[in-house]
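Quick notes on the structure that follows.
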Amino acid sequence: IKVGVLLPTTGDLASVGQPIQQGALLPARQLSSSNLGFTIDTQTEDTQTDPQAGITAAQSLVDGGYPSITGAASSETTIQVAQEVAIPNQVVLVSPSSTSPDITDLQDNGYVYRTPPSDALQGQVLAQVANERVDASTVSVMYVNNSYGQALADSFVQAFGEGNVPAQVSFEKAQSSYTSKLQQAMSSSPDGLLVIGYPESGNQLFRDYYSNYSRDTTIMVTDGLRDPELPGNVGQSMTNVIGTAPLAAGPAQEFFTNAFQEQYGNEPGVFTSQAYDATAVQILANAAAGENSGPAVQENVAAVANPGGTAVGPENLAEGVRMAANGEEINYQGASSSVNFDENGDVESVTYEIFAYAEDGSVEQED
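For the sequence shown, counting from 1, position 57 maps to 68 in this note's numbering; every step adds exactly one.
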């Protein structure tokens, strides 16, 4: 059973991409000692948080005979990899962390799935946080200039309704300074500031913020900036920052957390459980298909994930693989959610967390 893993271990998403990759590889590591009678072959490729590098890396996996891929991480890379590599080559692509609403509308012939929810939902959650937690009537928005940032900014602005958005400021990744962009966003002294971006850019952006502005303004961030290393890299406790991210709330969340800690010696991070589920579903679909064929795997993704068979999950994954290989109907119940896919490859039911950075820099779930 061959599964490719296409995630960023360098570039703007490196700090969160590495634990996401660990989550993606965990099912294969679990199954390596399960005496299944066949092997799980995984190959990792680095997207470098760059669409062109992602396309090249994805093509390497396709050329290597991998019929399905866990990846990519950023929505921009996932969309381009899907359009340039996965869809034309009939290879299944399951992203563990791409949340742009644009992915829902891809003409993908059923080859693109994702285990996190669309940001069409996260925009609504952010608006609720702005209204109820921050008590803000004005919120300026800064967003990374790609499909993830643009779509999530639009989703928030639409959901914020009667609230006022005095500035929407786009920024490029990996710049040496964000001072001028912050000036544009903060010139009207908004009640709140929403920052949509990734950790490496966030390091510099927040250094510039704390050098020029006080903690009196509440800053909201999104899943891309949920990084326990961020306060240390910035050199600030960041106690005025609150954020939202998809919550690992699947039936097997506790089992996954324990298995991840046992395997790697550290806590799971954002999207690690979604990465586990992405790979697990592909392994089960491949076992049901009985061959390393993209079209055959694609025909079985929804069949093994959606209701209608015997419930299996991370805690009995080896048994699930055996059942799928024997032609039995199964229903994968995951670590991040129940992993039921709709006709667009989106998960049907999700939960969000509201998190904050504590005085010691750690990430705390508030709700």
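A virtual CB, placed ideally from N, CA and C, is assigned to each residue, including glycine.
In DSSP terms, what residue i is bridged to
i	result
S106	R125
P257	Y363
F352	V358
Q77	It should be pointed out that residue 77 corresponds to Tyr in this sequence rather than to Gln. Y77 pairs with nothing; no bridge assigned.
Q179	V152
L18	D57
A322	N342
M231	L205, I253
V374	Y368
K13	D52
G82	L17
CB contact flag (residue i, residue j, <9 Å)
i	j	result
D357	R144	no
V123	L104	yes
A178	A196	yes
Q285	P262	no
S166	Q133	yes
V252	I207	no
L204	S151	yes
Q101	P306	yes
M153	S181	yes
K13	G82	no
D219	L241	no
N351	P318	yes
V281	V27	yes
E359	E377	no
N214	V176	no
A367	G254	yes
D130	I98	no
G372	S248	yes
T21	T55	no
A25	P210	yes
Y343	A291	yes
Q33	A270	no
L328	S109	no
A64	D74	no
V140	R237	no
G338	V315	no
Counted within 10 angstroms of its Cβ, other Cβ atoms place residue i as buried (16 or more) or exposed
i	result
P62	buried
D146	exposed
P127	buried
N157	buried
S85	buried
D227	exposed
Q435	Residue 435 lies beyond the residue range present for the chain, which begins at 12 and ends at 378; the question has no answer from this structure.
E87	buried
D116	exposed
F49	exposed
A164	buried
T362	exposed
T89	buried
T321	exposed
S199	exposed
S348	buried
Nearest residue (CA-CA) to residue i, options the options
i	options	result
V260	G345, G65, S109	Note on residue identity: the sequence assigns Ala, not Val, to residue 260. The shortest Cα separation from A260 among G345, G65, S109 belongs to G345.
L295	F267, T321, A335, Y287	A335
S106	Q41, T229, I31, N311	I31
A68	Q293, D353, V168, L18	L18
G160	D113, Y189, S188	D113
E278	V16, Q29, G22	Q29
Q169	R333, Q135, A314	Q135
L72	D23, G15, L37, G48	G15
D202	T149, V374, V92	T149
F267	T250, Y287, E339	Y287
K184	D23, T233, I90, S349	D23
E326	G172, Q264, S187, S198	Q264
Distance cut-off 8 Å: residue i Cβ against heavy atoms of the ligand MN
i	result
V245	No copy of the ligand MN occurs in the structure displayed, which carries no ligand at all.
Nearest-angstrom beta carbon gap, residue j and residue i [assumed within contact, 8 Å]
i	j	result
E310	A298	Contact flag wrong, Cβ pair sits at about 13 Å.
A35	I51	At roughly 12 Å, the Cβ-Cβ gap does not stay under 8 Å, so A35 and I51 are not in contact.
V323	I341	5 Å
E4	T229	What is shown of the chain runs 12 to 378, which leaves residue 4 out entirely.
L37	Q274	6 Å
N142	G174	7 Å
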